[in-house]
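Written out below as structure tokens is the structure these notes cover.
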DNA sequence: CAAATTATCCAAAGCGCTTTGGTAACTTTG
DNA sequence: CAAAGTTACCAAAGCGCTTTGGATAATTTG
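Chains as they are written, first to last, in this note's numbering: chain L, 2 to 347; chain R, 2 to 347.
Here it is in structure tokens:
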């Protein structure tokens, strides 16, 4: 069923039917009722492509998911982010279109989005330091919002970020307060902006207390379980092992825990762990008492908020860019405790 | 830049330019070269909506992701599935459109896909027993392939499934061979077809050996880490605890392991675990020696294969439905060992 | 009560592409 | 060398919708 057919059934012009369905005022209430009824009866909904052609809008938002070619890894937070954004799109009759793409082809995808008119805007995932995509999107004139920020980029773009620096400063301070002087940092790839900021927060806290930073305690990579495990094994094998681990992802934290358990070290007594927790739906941080002491911020909520920001920006292109910095909650779980004294360890 | 502009620059008709770009034969090779060059120079790519309107094809595939309203959980295998499918779409110039939707609205989404012409076909995720969506898609005439199968549905539709029954039969036999007589099953929701089949395989193996099935050892739910943990705690607290666990997801298996460790039970010695492993990129089952003995089948490969099946079906609607049943690999890791004798336990 | 509004409706153009049904020029064939 | 193909191109229709610019009838106004 299309508009033409529907209007013939109704004995009305396509114009009137279209206006009635789109809620324009210049149509009699009685006839509008009738039009809506008949449209529903025939299960009519307008062809998206024709509508898009006529209006110049796609009613769709693009998400470009970069695949790190090294690990071929899909960021595990992605599903939950999408779930949050998806709610918003459904409410606003937008479609979500996804492109899985390796870094090399990312620019092509954005350009194609623009020139083919596939989407009205995009959400930029996983911003890197000096991320070149921001200038690119500005150049091609595709509306966008960034999940995170890009250090080194001056232009004024819309973003929503977690206060990663403050989160990791607070987490580090928390460990220092417990007497931990040697704290390992199991971080994401430090080309990623969030990882860079987290490291900054960690360093801030150490510097403020005059604790020396030991590069031997730092690791940085894609945040898999295996990475957490392997890093921990390496670090514990050193001559002066740490008493605490600060971890950038609950998934890597699982790997850290595995390494500890394999060595018979008890989490929260022998070794403390604080992890960042994105609030993933399938990896809840314990039911009542959290497994891990964690800095937490829901990536699903971020998905909701960012998609709303983007839709607002599309509907009002002249509005100034929006910025939102979310603070994390630091919740205490069973993975932290006072630093063991040397006596205890021996 | 649009076709009209491009053809004016070239001093050719839109017809010729269009034919040249789409590889039709009736255009001189020299002029085709020129057209391609000028198109590239001006960064031209055809408007997707106009093209779709004219051809009647969307060049897009829909994925409907149901959100279980109980747990609000996004299936964690989803990211990897999408990564596999995304590769194929990129190669074939298809777009992937995602709808996140609660069960109540799923039918609406499929109908809208069809009547609005948003997509050329869909991939059906997470088939349930007697899944009503299959009849629905047949009725509305939207091409589809199913990731899994739906017991109780007779119609002949295209699917790709893992041999879940054989996987869990083999896993159970493996445990029985090791002397385990009481094996707990931590399964997915048994309204889901895959979970039903896995349970079938488990029962087959027990029956074949004349081992009695104890309902007290069965659990079924969304496969979160917490579910694995909580189930294990409950089951171990029973008067006659099992010596082995068969788990439907590596994520839940992590929860099982957590429960064991909390009780000081050593995996592979005191308690054996076999888990199903979807080969998730961020949760590799160990680097060299697998952590868990596992039945493994890559969900990413499934994503690739299913999207290829769907595209083939769209391009040749009269071809008969395709069926592919993948066998899993059963790889031995460190989580299994002979059943402890009563003497050992005491 | 004629003139001016207002309320309803419609015909047709246009969005950017593909495709049908040509035509004109150039080759080949008998 | 006339007839029959071929080759290379083009004008225009059509995909299904929105939107502009009326038109007609009903209502209000002075």
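By construction, the Cβ of each residue, glycine as well, lies at the ideal position given by its N, Cα and C atoms.
Integer-rounded CB distance, given that residue 181/L should sit under 8 Å from residue 273/L
Residue numbering aside, residue 273/L sits at position 272 when the first chain is read from its first letter. Residue numbering aside, residue 181/L sits at position 180 when the first chain is read from its first letter. Their Cβ separation, rounded to whole angstroms, is 6 Å, which keeps residue 273/L and residue 181/L in contact under 8 Å.
From the DSSP output, in three-state form, read off residue 16/R for me.
Against the second chain, residue 16/R aligns to sequence position 15. Looking at residue 16/R - three-state DSSP - the assignment turns out to be helix.
Local Cβ density within 10 Å of residue 52/L, reported as buried at 16 or more and exposed below that
To locate residue 52/L, count along the first chain from 1; it is residue 51. So residue 52/L counts as buried.
Please list, in chain order, the chain L residues whose beta carbon lies closer than 8 Å to that of residue 98/R.
Here the question's residue 98/R lines up with position 97 in the second chain. The contacting residues are 61, 96, 97, 98 and 99.
Is the Cβ of residue 118/R closer than 7 Å to any Cβ of chain L?
For the purposes of this step, residue 118/R is taken as the residue at position 117 of the second chain. Taking Cβ atoms only, chain L reaches closer than 7 Å to residue 118/R, which makes this a yes.
Just to confirm, is the Cβ distance from residue 249/R to residue 188/R under 7 Å?
Along the second chain, one-based indexing puts residue 249/R at 248. Along the second chain, one-based indexing puts residue 188/R at 187. Yes, the pair counts as a contact, with Cβ atoms nearer than the cut-off.
Within chain L, partners of residue 45/R - CB distance below 9 Å:
Along the second chain, one-based indexing puts residue 45/R at 44. Chain L residues near residue 45/R: 116.
Among 152/R, 228/R and 315/R, whose alpha-carbon lies nearest the alpha-carbon of residue 166/R?
The count along the second chain starts at 1 and reaches residue 166/R at position 165. It is 152/R whose Cα lies nearest to the Cα of residue 166/R.
Residue 293/L in three-state terms, based on DSSP:
Taking the first chain and counting its residues from 1, the one referred to as residue 293/L is at position 292. Reduced to three states, the DSSP call for residue 293/L is coil.
Length-filtered (4 minimum) alpha helix (DSSP H) runs lying within the region 87-147 of chain L:
107-117 and 133-141
Can you name the start and end residues of the beta strand (DSSP E) that residue 248/L belongs to?
Numbered from 1 along the first chain, position 247 holds the residue referred to as residue 248/L. Run containing residue 248/L: 245-248, per the beta strand (DSSP E) assignment.
Please confirm if residue 48/L has its CB atom under 7 Å from at least one CB of chain R.
Taking the first residue of the first chain as position 1, residue 48/L is located at position 47. So, interface residue.
Measuring alpha carbon to alpha carbon, tell me which residue in 74/R, 286/R, 88/R and 332/R is nearest residue 226/L.
What you label residue 226/L is simply residue 225 of the first chain in a count that begins at 1. Out of 74/R, 286/R, 88/R and 332/R, 286/R has the C-alpha closest to the C-alpha of residue 226/L.
From what residue to what residue does the alpha helix (DSSP H) around residue 255/R run?
In the second chain, the residue the question calls residue 255/R occupies position 254. Unbroken alpha helix (DSSP H) run through residue 255/R: 251-263.
Pick helix, strand or coil for residue 344/L, following the three-state DSSP scheme.
By 1-based counting over the first chain, the position of residue 344/L is 343. At residue 344/L, the pLDDT of 48 sits below 50, so the modelled position is not reliable; the number obtained from the coordinates is stated separately. Helix at residue 344/L.
Do you know offhand how far residue 327/L's Cα is from residue 258/L's?
Locating residue 327/L in the first chain gives position 326, where the first residue counts as 1. Locating residue 258/L in the first chain gives position 257, where the first residue counts as 1. Computed Cα separation, rounded: 28 Å.
Cβ atoms of residue 85/R and residue 305/R: under 7 Å apart, would you say?
Mapped onto the second chain, residue 305/R falls at position 304. Mapped onto the second chain, residue 85/R falls at position 84. It is a contact, given that the beta carbons lie within the stated cut-off.
Continuous alpha helix (DSSP H) assignments of at least 4 residues falling wholly in the region 2-63 of chain L:
4-11, 15-22, 30-42 and 49-56
My output table needs one value for residue 311/L: the three-state DSSP class, helix, strand or coil.
Within the first chain, numbered from 1, the residue matching residue 311/L stands at position 310. Note: residue 311/L maps to helix in three-state DSSP.
Listed by chain order, chain R residues near residue 284/L by CB distance under 9 Å:
Here residue 284/L is taken as the residue at index 283 of the first chain, counted from 1. Those are 77, 225, 226, 227, 252 and 255, listed as they occur along chain R.
Quick check: the Cα distance between residue 215/R and residue 148/R, rounded to an integer number of angstroms?
On the second chain, position 214 is the one that residue 215/R refers to. On the second chain, position 147 is the one that residue 148/R refers to. Going by the C-alpha atoms only, they are around 31 Å apart.
Assuming residue 138/R and residue 111/R are in contact, meaning their beta carbons sit under 8 Å apart, how far apart are those beta carbons, in whole angstroms?
What you label residue 138/R is simply residue 137 of the second chain in a count that begins at 1. What you label residue 111/R is simply residue 110 of the second chain in a count that begins at 1. Yes, residue 138/R and residue 111/R are in contact; Cβ-Cβ is about 6 Å, under 8 Å.
Helix, strand or coil for residue 276/R per DSSP?
As a first step, residue 276/R must be located in the second chain, where it is residue number 275. Strand, per DSSP.
Residue 225/R, enclosing alpha helix (DSSP H) - first and last residue:
In the second chain, residue 225/R corresponds to position 224, counting from 1. Looking at the DSSP string, residue 225/R is not in any alpha helix (DSSP H), and its letter there is neither H nor E.
Under 8 Å between beta-carbons, which chain L residues line up against residue 80/R? List them in chain order, please.
Walking along the second chain from the start, residue 80/R turns up at place 79. Going along chain L in sequence order, the residues near residue 80/R (Cβ under 8 Å) are 75, 76, 77, 79 and 80.
Could you check what DSSP says for residue 184/L in three-state terms: helix, strand or coil?
Within the first chain, residue 184/L is the residue found at index 183, counting from 1. DSSP places residue 184/L in strand when its eight states are reduced to three.
What are the boundary residues of the alpha helix (DSSP H) that includes residue 204/L?
Within the first chain, the letter at position 203 stands for residue 204/L. It spans 194-210 - the alpha helix (DSSP H) in which residue 204/L sits, taken as one unbroken run.
Tell me whether residue 48/R is buried or exposed, calling it buried when 16 or more other Cβ atoms sit within 10 Å of its Cβ.
Here residue 48/R corresponds to residue number 47 of the second chain, with the count starting at 1. Residue 48/R should be labelled buried.
Can you tell me where the beta strand (DSSP E) with residue 325/R in it begins and where it stops?
For this step, residue 325/R is matched to residue 324 along the second chain. Per DSSP, residue 325/R belongs to the beta strand (DSSP E) from 324-327.
What does residue 102/L touch in chain R if you count any residue whose Cβ is under 9 Å from its own?
Taking the first chain and counting its residues from 1, the one referred to as residue 102/L is at position 101. The answer, in chain order, is 87 and 91.
Beta-carbon spacing of residue 322/L, residue 156/L below 7 Å
By 1-based counting over the first chain, the position of residue 322/L is 321. By 1-based counting over the first chain, the position of residue 156/L is 155. For residue 322/L and residue 156/L, no; Cβs fall outside 7 Å.
Kindly say whether residue 41/L, judged by its beta-carbon, lies nearer than 7 Å to any beta-carbon of chain R.
On the first chain, residue 41/L is found 40 positions in, with the first residue counted as 1. With 7 Å as the cut-off, residue 41/L does not count as an interface residue toward chain R.
Kindly indicate if chain L contains any beta-carbon less than 7 Å away from that of residue 260/R.
Here the question's residue 260/R lines up with position 259 in the second chain. So, not an interface residue.
List, in order along the chain, the chain R residues whose C-beta lies closer than 7 Å to that of residue 68/L?
Here residue 68/L refers to the residue found at position 67 when the first chain is read from its first residue. The contacting residues are 84.
Strand pairing of residue 330/R, partner residues [DSSP]
Sequence index remark: in the second chain, residue 330/R carries index 329 (1-based). DSSP, once it has assigned bridges, lists 297/R as partnering residue 330/R.
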